[in-house]
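Taken in sequence, the protein lines are chains X and S.
Counted the way the numbering used here counts, the first sequence spans residues 1 to 378.
Counted the way the numbering used here counts, the second sequence spans residues 1001 to 1394.
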Amino acid sequence: MLTLTEEQGMLQEAARGFLSESAPVSQLRALRDARDELGYSRDLWRAMAELGWTGILIPEEHGGLDFGHMGAGLVCQEMGRTLAASPYISTAIMAATAIRRGGGPGQQARWLPAIAAGEAVIAVAVDEARKHDPAGTALRAQASCNGFRLDGHKTFVADAVGADAIIVAARTGGEPGEAEGLSLFVVDARAQGLDIERTLMVDSRNAARLTLDGVQVDEADALGPVGGAFELLETVLGAGRAGLAAEMSGIAQESFARTLGYLRERTQFGRPIGSFQALQHRAAHLYCEIEVAKSAVLAGGQALDRDPTGAGFLVSLAKAKAGEVARLAVAEAVQMHGGIGMTDAVDIGLFMKRARVAGEWLGDASFHAGRIARLRCF
Amino acid sequence: MSELDAFRHEVRLWLDAHCPAPMRELTRGEEDIVWGGRRWAFRSEAERVWLERMAERGFTVPTWPKAYGGAGLSRDEERVLREEMARIGARSPLESFGIWMLGPALLKFGNEAQKREHLPRIARGEIRWCQGYSEPNAGSDLASLQTRAEDRGDHWVVNGQKVWTSYADQADWIFCLVRTDPAAPKHRGISFVLFDMATPGVSTRPIRLISGKSPFCETFFDDVRVPKENLVGELNRGWDIAKYLLTHEREMIGGGAGGLLGTRPIGEVVAELAGSDGEGISDPLLRADVMRAEIDTLAFALTMDRLRDEAAGGQGIGARSAMLKYYGTELNKRRTELMLRAAGSDGLEWEGERSGGGRLARDWLRAKGNSIEGGTSEVMLGIIAKAILELPGA
């Protein structure tokens, strides 16, 4: 059934209520204007932990709710509506999935309860070039002492600033472009040789470039099989992509709702501009696209809950479609708001900025369309 | 075993025993559809037997009540039946406007005598129906229709002309919108009547389309006598039925496109047409357009599933049928464009066996009508803007 369960519906209601109260768009604006070091509010993160959201993908024995990816996606969707900034996707979704599915008992005991409690923030560092390409990982991990020595760089690492640890994709074998030879390591954020440079992005959130110069990790810091972690990485990325797709669906829905409000309110030529057919048809088309994207997002989330490792096709569909539709929704929002949509005082531009970053992160529509085409053999 | 599992088991056994082997072969398209009707000539004994057996079980109209020729199935049971038919590749035994459109309207608006007279004949494929809606001067503005039905005491006399009447030349009966009160505001003077196409004064003329085919007709009424009891619902309230049916039709056209699109991935079809021998699609622009179409098609198919699931939960589809109609038909146009592009000059052959009688080109041309018939894309967008988005009127 492509519908929400009763519990999922209740979570969505609760998330909408809480975030519109505690993390409205004005919060993001204030963080941006203050040039906040983290780009998110620690109070908000703590409150999200108290609600159990940070443990949404963590088993109950580690203090989580184990509520599933669909539930995590609903939180993301509602965060998209209010542009709530938090390390939710990096930590509660991706890092939690990586450690849950690839960590040993010691790693799980160390990190999962801390993530659930909102006490640990963990970023995931994959990309090294301007476009997403996990198999293209070149950062070297060479055997040294009891573990590995990491050398290389990472870019577009969300929530690395202020993180306690960073999960780094590294190459213990093979060549860039190959799935074989990839490994994942949990690196302490204060490790010697690790430099974290904040990059102020268009969405004003927390992102960084990393340089690793002889960073030493133990064998016990590896997640999943050393040299064979590509499948685990894909599962982690899939979880993150589904979350981003849901967030973009929320962004599209909210910017559309605001645009509809403006179309009803704004008067020109003596009548509401929403009465003009040129705008009505564009709005109606956008409505259809948003509905179609919602279905893809729902199917992607459900597929992950059925099989976290085998959902790549539907997750790519969700990310590609939601990305294209969010892009359309914010572009139409600015255009239909007219001059006022170009001003910083109105929130619409903030939606456009975040949609762009969420669209790029973990693969843009081209990346995911390409995956779908390959899986469909054309 | 749950009741539904038991039903599945029973249906599976029954289908296995009763579906003739030729009826499990892939349909080639239009030429394998069984429409039924007085003049229907079965193309094979298997076709005839399959229809007879399915009709006997009520499976040609599975959700209709048993009293009217159906099987009285719930939505879940109907889904099981569909799944079990798909499992063995069973063809649909019967398609018709009676099943898709008139039946649901009669079930909702018809009186007991009308239901008993017409529904079982639809279910058994004995009477083929056509739809008298559009007129030369009433297309998108359907409610301005002018075909008159005058009250002559014990009967009506109908005069006027319909157009775009699908298969009117092969239909036995027509369900028709007529003006019964010319003085009333346009939506308030329309009635919904049924009559036999064999009645004196009814004539049809096929319209040749750009595809070279003639699925539609002009239909003329010249002093056609229609019994009073053939009025469905209340006098002058036919627009309510018309609207109900249009919603239904839109869902069907949009959904039909979705079903068709879902059968084989567009990328696979295009690669095959391009003759790329498993090498994928080499033309980069074509490949990019196919990728977009593939994504939209998959997401649209999921949307139809979602709306169906929501409808099963009691939130009807309502005005969202306009969305299905708009999106589904625009997608089908894209699909046929891409197929023709891939096929190059081969696809432009208009006759001959090699091109299946110009199938690609004819399908491409025919698809242009998808976003016109049953309400244009622009009318659909207008409905969405007003009924769903509640944008102000002009």
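All residues carry an ideal CB built from backbone N, CA and C; glycine is no exception.
Note down, in chain order, every chain S residue with its Cβ under 8 Å from the Cβ of residue i.
i         : result
Tyr287(X) : Met1323, Ile1384, Ile1388 and Leu1389
Ser275(X) : Leu1391, Pro1392, Gly1393 and Ala1394
Here's a check: name, in chain order, each residue in its chain whose Cβ is nearer than 7 Å to the Cβ of residue i, leaving out the five neighbours to either side.
i          : result
Ala1342(S) : Val1270, Leu1273, Ala1274 and Leu1286
Asp347(X)  : Val25
Gly181(X)  : Arg171, Thr172, Gly173, Gly174 and Gly227
Val325(X)  : Ala252, Glu289, Ile290 and Ala293
Gly1238(S) : Leu1177, Ile1190, Ser1191 and Phe1192
Val1290(S) : Ile1266, Gly1267, Val1270, Ile1281 and Leu1338
With DSSP as the reference, label residue i as helix, strand or coil.
i          : result
Leu244(X)  : helix
Ser1203(S) : strand
Glu1010(S) : helix
Asp1283(S) : coil
Asn1236(S) : coil
Asp33(X)   : helix
Gly1189(S) : coil
Ile1266(S) : helix
Lys1162(S) : strand
Arg110(X)  : helix
Gly1258(S) : Confidence in Gly1258(S) is poor, its pLDDT being 46 and thus under 50, which makes the residue's placement unreliable; the coordinate value appears in the next sentence. Of the three classes helix, strand and coil, the one that applies to Gly1258(S) here is helix, per DSSP.
Val217(X)  : strand
Lys154(X)  : strand
Glu13(X)   : helix
Ser183(X)  : strand
Pro1220(S) : Note on identity: in this sequence residue 1220(S) is Phe, with Pro being the wrong assignment. Correct three-state label for Phe1220(S): strand.
Thr211(X)  : strand
Pro134(X)  : helix
Arg237(X)  : For the sequence presented, residue 237(X) should be read as Leu rather than Arg. Residue state, collapsed to three classes: helix.
Phe230(X)  : helix
Ser1002(S) : coil
Asp1141(S) : coil
Gly1110(S) : coil
Ignore the nearest five residues each way along the sequence and tell me which others in residue i's own chain have a CB closer than 6 Å to its CB.
i          : result
Ala98(X)   : Ile167, Leu223 and Val236
Arg1043(S) : none
Leu1365(S) : Ile1210 and Ser1211
Glu13(X)   : none
List the residues of chain X whose Cβ lies closer than 8 Å to the Cβ of residue i, in chain order.
i          : result
Asp1016(S) : In chain order: nothing, as chain X lies at least about 28 Å away.
Pro1284(S) : Chain X residues near Pro1284(S): none, gap ~12 Å exceeds 8 Å.
Leu1381(S) : Gln280, His281, Ala284 and His285
Glu1378(S) : His281
So, for residue i: in the same chain, excluding its five sequence neighbours on each side, which residues have a beta-carbon less than 8 Å away from its beta-carbon?
i          : result
Ala299(X)  : Leu2, Leu314, Leu317 and Ala318
Leu403(X)  : Outside the shown range of chain X, which is 1 to 378, sits residue 403(X), and nothing can be said about it.
Cys145(X)  : Gln216
Pro1182(S) : Arg1148 and Gly1189
Thr1204(S) : Thr1165, Ala1168, Asp1169, Met1197, Cys1217, Glu1218, Thr1219 and Phe1220
Between residue i and residue j, how many whole angstroms is the CB-CB distance? I'm expecting something under 8 Å.
i          : j          : result
Thr1165(S) : Thr1199(S) : Not a contact, Cβ separation roughly 15 Å.
Asn206(X)  : Asp159(X)  : 5 Å
Ala333(X)  : Ser249(X)  : Between Ser249(X) and Ala333(X) the Cβ distance is about 15 Å, and since that is not below 8 Å, they are no contact.
Leu19(X)   : Met79(X)   : 6 Å
Ala1385(S) : Ala283(X)  : 6 Å
Phe1195(S) : Ile1174(S) : 6 Å
Arg1320(S) : Ile1388(S) : 7 Å
Leu1391(S) : Leu51(X)   : So it is not a contact: roughly 37 Å between Cβ atoms.
Taking residue i as the query, report the chain X residues whose CB atoms sit under 7 Å from its CB, ordered along the chain.
i          : result
Thr1303(S) : Glu291, Val292 and Ser295
Gly1313(S) : Thr3
Using the beta-carbon of each residue, which ones in chain S are nearer than 7 Å to residue i?
i         : result
Met1(X)   : Asp1309
Ala299(X) : Leu1302
Name the chain S residues whose beta carbon is nearer than 9 Å to that of residue i?
i         : result
Ile372(X) : Gly1267, Met1291, Glu1294, Ile1295 and Leu1298
Ala333(X) : Correct list: empty, because the minimum Cβ distance to chain S is about 14 Å.
Arg205(X) : The contacting residues do not exist; Arg205(X) stays about 27 Å from chain S at best.
Lys321(X) : Ile1295, Asp1296, Leu1298 and Ala1299
List the residues of chain X whose Cβ lies closer than 9 Å to the Cβ of residue i, in chain order.
i          : result
Tyr1326(S) : Ala284, His285 and Cys288
Gly1280(S) : Ala373, Arg374, Cys377 and Phe378
Ala1271(S) : Cys377 and Phe378
The region 37-56 of chain X contacting the region 99-106 of chain X, beta-carbon criterion three pairs below 8 Å: no
At least 3 beta-carbon pairs within less than 8 Å: the region 106-123 of chain X vs the region 54-69 of chain X: yes
Cβ pair count under 8 Å reaching 3, the region 192-208 of chain X against the region 349-363 of chain X: yes
Cβ contact (3+ pairs, closer than 8 Å) linking the region 1359-1366 of chain S and the region 1329-1348 of chain S: yes
Touch test, the region 1122-1136 of chain S against the region 1056-1074 of chain S, Cβ-Cβ under 8 Å, three pairs minimum: yes
Contact between the region 1128-1138 of chain S and the region 1033-1043 of chain S (3+ Cβ pairs under 8 Å): yes
The region 299-312 of chain X contacting the region 80-92 of chain X, beta-carbon criterion three pairs below 8 Å: no
Segment contact, 8 Å Cβ cut-off, at least three pairs: the region 1293-1306 of chain S with the region 1324-1339 of chain S: yes
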